[in-house]
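The block underneath contains the structure these notes are about, expressed in structure tokens.
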Amino acid sequence: GWMLGGAGPHLPALAALSAVLTAAAAALAVRLSWLQRERRMASAEAEVRRVEALMAAQPGLTLILEPSGRVVAAYGAPPASLPVDPLFEQGLVAAIHAPDRPRLLAAMDRALAGHEGAATLAPRLALDRRVQLVLRRLDDPAGPRLIAQVFDATAQYARELGLEVARNEAEAREQGKTRFLANMSHELRTPLNAVLGFSDIMRQRLFGPIPDRYAEYADNIHQAGGHLLDLINDLLDVSKIEAERYTLSVEKFDAREVVSDAMALVRVNADDKGVSLSGVLPQDALEVSADRRALKQIALNLLSNAVKFTPEGGAVTVTVEAIGPYLEIIVADTGLGIAPEDVKRLGRPFEQAGAPEQRRQGTGLGLSLVRAFAELHGGRMSIESTLGEGTAVTVRMPVALVARAPAPEGGAEIIHLPVANGG
17 GWMLGGAGPH
27 LPALAALSAV
37 LTAAAAALAV
47 RLSWLQRERR
57 MASAEAEVRR
67 VEALMAAQPG
77 LTLILEPSGR
87 VVAAYGAPPA
97 SLPVDPLFEQ
107 GLVAAIHAPD
117 RPRLLAAMDR
127 ALAGHEGAAT
137 LAPRLALDRR
147 VQLVLRRLDD
157 PAGPRLIAQV
167 FDATAQYARE
177 LGLEVARNEA
187 EAREQGKTRF
197 LANMSHELRT
207 PLNAVLGFSD
217 IMRQRLFGPI
227 PDRYAEYADN
237 IHQAGGHLLD
247 LINDLLDVSK
257 IEAERYTLSV
267 EKFDAREVVS
277 DAMALVRVNA
287 DDKGVSLSGV
297 LPQDALEVSA
307 DRRALKQIAL
317 NLLSNAVKFT
327 PEGGAVTVTV
337 EAIGPYLEII
347 VADTGLGIAP
357 EDVKRLGRPF
367 EQAGAPEQRR
377 QGTGLGLSLV
387 RAFAELHGGR
397 MSIESTLGEG
407 TAVTVRMPVA
417 LVARAPAPEG
427 GAEIIHLPVA
437 NGG
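See below:
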């Protein structure tokens with residue numbers, strides 16, 4: 017009790033009151049501490065539930081793994097090929113087809129190292145299906161863990177497998193086509209060379225005189241055989257280029273000689289059609305480092321095309337020069353010209369310009385080979401044309417050995433190949 021006197025409370029009463037207040041304060045502090053702890057635990061539990069809800073809402077299945085592959089928790093919808101119960105019983109590694117396990121373990125190691133690990137695997141219970149795993153490291157107070165997102169990847173796997181099968185089939189067909197063309201080219205050229213040889217003997221009357229009509233027949237046979245041989249060689253070149261088996265035989269030579277040889281070969285056709293053929297070539301040697309046969313084929317194909325599509329009385333001009341390290345060949349004609357929509361197609365194998373009734377003999381391989389040979393040398397081909405006025409095809413390749421400025425006026429040699437019966 018309280019003991020009161022004239023001077024105030026007695027000391028024993030004050031001591032008792034202080035003890036009571038101290039005990040009450042201690043009890044209140046303990047209660048507050050428990051309340052704070054309960055609030056923190058409730059907040060933590062709410063955060064855990066929120067995270068679990070978010071993980072469950074993610075597409076596919078989300079797994080929490082120990083580094084060994086033991087499944088600690090699972091959220092979301094598992095793929096049909098990977099049920100959850102066996103995962104908890106056996107672990108993730110055991111649930112994967114044995115040959116795929118090394119890739120799974122490698123992905124887990126990568127994730128534990130702090131990188132993203134990913135793998136597409138076959139479940140052990142459904143070998144015809146596939147699952148995709150994306151793994152990341154999850155730092156936990158108890159030690160590092162892994163979080164794995166699992167998706168059904170069967171449809172994607174089927175698409176990729178179908179693409180791979182189609183690609184393999186296409187490669188097999190391409191190889192078969194190349195072998196067929198190579199074999200057929202050999203089988204056709206052997207008898208064709210005999211036809212060319214005997215027809216040449218007949219038209220030159222090497223074994224004695226024959227009637228003019230027969231000599232004309234032999235000449236026609238020889239020309240047709242030559243055209244067929246050129247076609248066979250073009251087909252073989254195209255097949256090699258498409259199969260990336262064409263190897264350039266690079267050597268140093270004078271580009272003027274090759275272009276002049278090509279002009280001489282086209283001269284007969286130009287004469288027969290009444291088309292003038294001329295060339296503008298440098299007076300000095302124009303040394304290049306290139307495939308001689310390919311460069312001759314470029315010039316020959318461009319000139320043949322130009323003469324073929326130039327009517328009687330027209331003109332074809334070839335200009336050759338070195339601009340810096342580039343060899344530039346331009347073949348211009350005053351022929352039929354090419355429609356803009358056709359220019360885009362030219363240069364692809366078997367493509368020709370104009371309506372079917374306007375197309376001349378040929379396969380559409382000429383410009384395709386020109387473009388391919390130019391690109392093999394690191395160059396390019398371009399076409400400029402105006403319908404009804406003519407066409408200019410330019411080939412530019414970085415093969416010139418001596419850098420030259422454009423020749424000044426009068427600094428080039430002009431070669432005129434006269435038309436039949438012309439001066």
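Residue numbers (our numbering): 17 to 439. Glycine is no exception: its CB is placed at the ideal position from the N, C-alpha and C atoms. Small disclaimer: the values here were computed from a predicted structure and weren't measured.
Cβ neighbour criterion (16 or more within 10 Å) applied to residue i
i: Gln299; result: exposed
i: Tyr230; result: exposed
i: Ile112; result: buried
i: Glu105; result: exposed
i: Lys268; result: exposed
i: Lys360; result: exposed
i: Glu203; result: exposed
Per-residue DSSP class, three states only, for residue i
i: Pro372; result: Bear in mind that a pLDDT of 47 at Pro372, under 50, signals an unreliable position, so the number given afterwards is only what the model happens to contain. In this structure, Pro372 counts as helix in the three-state DSSP scheme.
i: Lys360; result: coil
i: Leu403; result: coil
i: Asp300; result: coil
i: Val291; result: coil
i: Tyr262; result: coil
i: Leu81; result: strand
i: Leu417; result: coil
i: Glu328; result: coil
i: Ala306; result: strand
i: Phe269; result: strand
i: Phe366; result: In this predicted model, Phe366 has a pLDDT of only 48, less than 50, meaning its place in the structure is not dependable; the value taken from the coordinates is given anyway. Looking at Phe366 - three-state DSSP - the assignment turns out to be coil, as it is neither helix nor strand.
i: Phe196; result: helix
i: Gly382; result: helix
i: Arg221; result: coil
i: Ile314; result: helix
i: Pro207; result: helix
i: Ala280; result: helix
i: Gly76; result: coil
Among the options, the one whose alpha carbon lies nearest that of residue i
i: Lys468; options: Val282, Val323, Lys324; result: This structure cannot speak to residue 468, because the chain is shown only from 17 to 439.
i: Glu232; options: Leu244, Arg219, Gly224, Ala240; result: Arg219
i: Asp307; options: Ile339, Leu343, Val334, Asn285; result: Leu343
i: Gln148; options: Gln165, Leu154, Leu81, Gly159; result: Gln165
i: Ala388; options: Gly295, Thr263, Thr350; result: Thr263
i: Asp168; options: Ala286, Phe196, Ala138; result: Ala138
i: Asp144; options: Leu120, Asp156, Leu177, Val304; result: Leu177
i: Gly351; options: Ile345, Val323, Ile339; result: Val323
i: Asp277; options: Ala315, Leu212, Pro341, Thr78; result: Ala315
i: Asp349; options: Gln52, Leu208, Glu185, Val334; result: Val334
Bridge partners - residue i, DSSP secondary structure assignment
i: Met397; result: Val411
i: Val336; result: Ile345
i: Val87; result: Leu81
i: Glu391; result: In DSSP, Glu391 forms no bridge with anything.
i: Asp168; result: Val147
Ignoring anything shorter than 4 residues, give me the alpha helix (DSSP H) runs that lie fully in the segment 89-166, in order along the chain. Whole alpha helix (DSSP H) segments, 4+ residues: 100-106, 117-128.
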